[in-house]
Amino acid sequence: MAFFTPKWYNTFGSCPLAVACGAYLETAPGAVLPQNPRILGSKTLRLAWETSRTTESEGEAGHLPHHTRYGAQRAGGRDREGESRMKIPVNCKLCPRECGSDRRTGIGFCGGGAQVKVARAALHFWEEPCISGKQGSGTVFFSGCPLKCCFCQNYTISAQNFGKEIPVSRLAEIFLELQEQGAHNINLVNPMHFAPWVAEALEQVRGKLKIPVVCNTGGYDKVQTLRMLEGYVDIYLPDLKYADSARAGRYSCAPDYFAVAQKAITEMVRQVGPPVFGPDGMLQKGVVIRHLALPHGVKDSIQVLQWIAQQFAKGEVLLSLMSQYTPFFRSGEFPEINRRISSYEYGKVLSYAAGLGLEGYCQEKSSAKEEYTPDFDLQGV
Ligand code: SF4
Numbered sequence: 028m029a030f031f032t033p034k035w036y037n038t039f040g041s042c043p044l045a046v047a048c049g050a051y052l053e054t055a056p057g058a059v060l061p062q063n064p065r066i067l068g069s070k071t072l073r074l075a076w077e078t079s080r081t082t083e084s085e086g087e088a089g090h091l092p093h094h095t096r097y098g099a100q101r102a103g104g105r106d107r108e109g110e111s112r113m114k115i116p117v118n119c120k121l122c123p124r125e126c127g128s129d130r131r132t133g134i135g136f137c138g139g140g141a142q143v144k145v146a147r148a149a150l151h152f153w154e155e156p157c158i159s160g161k162q163g164s165g166t167v168f169f170s171g172c173p174l175k176c177c178f179c180q181n182y183t184i185s186a187q188n189f190g191k192e193i194p195v196s197r198l199a200e201i202f203l204e205l206q207e208q209g210a211h212n213i214n215l216v217n218p219m220h221f222a223p224w225v226a227e228a229l230e231q232v233r234g235k236l237k238i239p240v241v242c243n244t245g246g247y248d249k250v251q252t253l254r255m256l257e258g259y260v261d262i263y264l265p266d267l268k269y270a271d272s273a274r275a276g277r278y279s280c281a282p283d284y285f286a287v288a289q290k291a292i293t294e295m296v297r298q299v300g301p302p303v304f305g306p307d308g309m310l311q312k313g314v315v316i317r318h319l320a321l322p323h324g325v326k327d328s329i330q331v332l333q334w335i336a337q338q339f340a341k342g343e344v345l346l347s348l349m350s351q352y353t354p355f356f357r358s359g360e361f362p363e364i365n366r367r368i369s370s371y372e373y374g375k376v377l378s379y380a381a382g383l384g385l386e387g388y389c390q391e392k393s394s395a396k397e398e399y400t401p402d403f404d405l406q407g408v
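Residues 28 to 408 (the numbering used here) are what the sequence shown spells out, left to right.
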């Protein structure tokens, strides 16, 4: 989950910081600055997932509804009487925590219970330009979170679980209301612990919702759960926070983060393919991988970038490199990250991304501002 200021660069090489810290360009293997940052509309790209996709067994999440995909079972969201077949997990394994909560009666480790919980649904203007555009992204903020990031800027809803429980039918209405307001897309922020509910709501608006659906996650997602949204989601916007398991354990209580996120992002790319833009420059389809540069994290950031470059063909995914880290929430308990990143650190990461030939977006260093976090006041809920 992340928010952006209007200050953007469309390529990494165009940011002055990348030039100022260009030493890393020399160390990146085969480093060449992109001459033409335009995204390849490539139908010919070989998808990396073909050789590396997960081997998670199909039956692992057997308690979950499999009817909710638009794809092979797109019309299968209803039984013969037209009633929903969505089932609330009784032994929840929707996310990698696999806490086993009976979601009908209890609250899971993520804070999720029997109903969808939402903190805000409104037009949002601080995502990447290809998501927010001029009219804004129709953003729905879900409460709770399976990750426990000590620096979460949305901690009031993620960790403290602020929000309002609503029925699936209301969530479906919200999607249509945001479309009516002129949203470029429906932007589901941190929805995966409510995946069956979200799929059901999207099923209810099938044929009425004409704008792309964006799934904005922390990257700590199970492949089986992502498959519940296959065919409903057009754009994935995952974080890829860490490669280092010690850092992932220390800051997000998830030492397995990188292994999980690698599989998840590969699955996302399998589902939606390479980026496709509309004539207005808005993203219609594809995966944008977000990486938030952290203090004392250059080495880890470089590992993250290396994996992206190795895993995906050029132009197959977009990278969004973020400088906006601000020590929110419990960051003070971790002195080494209890500050903003330096221009030198961010410049090194930017330069490395440019050297790898990755394409996408980056933020101006001054983007780290608390005022860009929206008020969670149940607007639109
Ligand atoms: S989604 Fe929530 S309830 Fe389900 S396994 Fe994960 S933490 Fe537990």
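We put the beta carbon where it would ideally sit given N, CA and C, even for glycine.
Residue i beta carbon near the ligand SF4 (any heavy atom closer than 8 Å)
i	result
PHE136	yes
GLU125	yes
LEU121	yes
SER128	yes
GLY246	no
GLY171	yes
GLY139	yes
HIS151	no
MET219	yes
PRO116	yes
Residue i classed as buried or exposed, judged by whether at least 16 other C-beta atoms fall within 10 angstroms
i	result
GLN298	buried
ARG147	buried
TYR371	exposed
GLU360	exposed
GLN390	buried
PRO239	buried
GLN406	exposed
ARG317	buried
GLU343	buried
ALA291	buried
PHE293	For the record, residue 293 in the displayed sequence is Thr; it is not Phe. THR293 should be labelled buried.
ASP327	buried
THR78	Any reading at THR78 needs caution, since the residue's pLDDT is 21, under 50, leaving its predicted position unreliable; the model's value is listed next. By the 10 Å Cβ count, THR78 comes out exposed.
ALA124	Before going on, a small fix: residue 124 reads as Arg here, not Ala. ARG124 should be labelled buried.
PRO116	buried
ALA88	Reliability of the predicted coordinates at ALA88 is poor, the pLDDT of 33 falling under 50, and no value is obtained from them.
VAL408	buried
PRO302	buried
THR244	buried
GLN423	Only positions 28 to 408 of the chain appear in the structure, and residue 423 is not among them; the question remains open.
GLY190	buried
ASN212	buried
PRO265	buried
Top-ranked residue by Cα proximity to residue i, from the options
i	options	result
GLY313	GLY387, SER185, LEU332	GLY387
GLN162	GLY171, LEU174, ALA149, LYS120	ALA149
THR400	GLY140, GLY133, THR166	THR166
SER111	SER347, ASN188, LEU229, VAL241	LEU229
TRP224	ARG197, LEU205, GLU207	ARG197
CYS157	ASN214, VAL195, LEU121	ASN214
GLY171	GLY382, LEU321, ALA222	ALA222
MET219	TYR259, TRP334, ILE335, GLN390	TYR259
ARG130	PHE136, ALA141, PRO123, CYS122	ALA141
SER185	ARG357, CYS126, LEU205	ARG357
ARG277	CYS242, ALA286, LYS191, CYS177	CYS177
ILE201	ALA336, ARG366, VAL145, GLY190	VAL145
VAL413	GLU257, ALA199, CYS179, LYS114	As displayed, the chain neither begins before 28 nor continues past 408, which places residue 413 out of reach and without an answer.
SER378	ALA286, ALA273, LEU332	LEU332
GLY300	GLN337, GLU207, GLU257, ALA281	GLU257
GLN206	MET255, HIS151, VAL303, PRO354	HIS151
GLY138	GLU154, VAL195, MET113, ASN217	ASN217
GLU192	ILE134, ALA380, ASN212	ILE134
PRO409	GLN187, TRP153, PRO306, VAL143	As shown, the chain starts at 28 and ends at 408. That puts residue 409 outside it, with no answer to give.
TYR182	ARG367, ARG366, SER279, SER369	SER279
Supposed contact pair residue j and residue i - C-beta distance, whole angstroms, cut 8 Å
i	j	result
ALA275	TYR263	The pair is not a contact, with the Cβ atoms about 20 Å apart (cut-off 8 Å).
ILE364	LEU321	6 Å
MET309	GLY160	5 Å
GLN330	ALA288	12 Å between Cβ atoms; not a contact.
GLY384	LYS341	6 Å
GLY246	LEU267	5 Å
VAL325	LYS375	5 Å
LEU203	LEU236	7 Å
PHE403	PHE168	7 Å
PHE253	MET295	Sequence check: residue 253 is Leu here, not Phe. Confirmed, Cβ separation roughly 7 Å.
ALA286	MET255	Wrong, their Cβ atoms sit about 21 Å apart, outside the cutoff.
C-beta neighbour in chain C for residue i, strict 9 Å
i	result
GLU372	Here chain C cannot be found, since the structure has a single protein chain.
query = At what residue ranges does the segment 293 to 352 contain a whole run of the alpha helix (DSSP H), taking only runs of 4 or more?
reply = The alpha helix (DSSP H) runs lying completely inside the segment 293 to 352 and spanning 4 residues or more are 325 to 338, given in chain order.
Entirely enclosed alpha helix (DSSP H) segments - the segment 128 to 205, minimum 4 residues = With a minimum length of 4 residues, the continuous alpha helix (DSSP H) runs that stay inside the segment 128 to 205 are 156 to 159, 182 to 185.
inquiry  = My parser needs the beta strand (DSSP E) runs of 3 or more residues fully inside the segment 246 to 285; what are they?
reply    = Unbroken beta strand (DSSP E) runs of no fewer than 3 residues, entirely contained in the segment 246 to 285, are found at 262 to 265, following chain order.
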